[in-house]
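Mapping of the sequence shown onto my numbering: position 144 corresponds to residue 179, and the numbering continues sequentially without gaps.
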Amino acid sequence: MSGVRRTMIAGSALAAVLAGGGSAVAASSPPAHLTGAGHGSWHTLPGNPDTGTQRAVVGAGHFSIGAAKVRGGVTSPGFIANGACSVSLRLVTANGSITIVGQSKRTSSSYPTCIGPFGFAFHSTKATGDLAGEVFKGVGHLDLADQSTSVTDKGTFTLKLAVK
């Protein structure tokens, strides 16, 4: 997918230099599309709710980069006047991985638990393997369904990623 694009850019830059056309500065490539859906489970990590609650998510899904394991977390802002839910997810395929980070589109004026559905804009921060060098941007929708009991704080999640 991207190997062809990088080879074409590098080849055209080299051709320009060999033809005496100046520098070999290649234009940056546009963000790649990362779409798809996944699901799995979440649980709350120990911590101080005053500083925010962290929830670990573990699951799997099918995305435009292939079948992937989903690992990461959701952080709520804690007991503050306004805040947003933050998302950090790593999608691991057989040929590489991509880490995306994002923040909910809306801020909440009350204590946001980040339980339930919320939308977020995301961008990639790291890519490995066949995905190395790729840049991804888009929007996501994450729904943390609460299945907590008096003893455990856990549930399930669904994730959808789309193009902006």
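Note that the Cβ used here is the ideal one computed from N, Cα and C, for glycine as well.
- With respect to residue 73, residue 194 sits close: the two C-beta atoms are nearer than 8 Å.
- Only exposed fits residue 82, as fewer than 16 other CB atoms lie within 10 angstroms of its CB.
- In terms of Cβ geometry, residue 159 and residue 170 form a close pair [threshold 8 Å].
- With distances taken between CA atoms, residue 130 lies nearest to 103 out of 122, 103, 140.
- Taking the CA atoms as reference points, residue 173 sits about 11 Å from residue 154.
- Per DSSP, reduced to three states, the secondary structure at residue 152 is strand.
- A distance below 8 Å separates the beta carbons of residue 126 and residue 105.
- Per the coordinates, the alpha-carbon of residue 71 lies some 17 Å from the alpha-carbon of residue 162.
- With a cutoff of 8 Å on beta-carbon distance, residue 139 and residue 164 are scored as not near each other.
- With a threshold of 16 other beta carbon atoms within 10 Å, residue 152 falls short and is exposed.
- Fully enclosed beta strand (DSSP E) runs of no fewer than 3 residues occupy 101 to 110, 121 to 128, 131 to 139 of the region 96 to 140, in order along the chain.
- Comparing alpha-carbon positions, the option among 89, 90, 112, 135 lying closest to residue 196 turns out to be 135.
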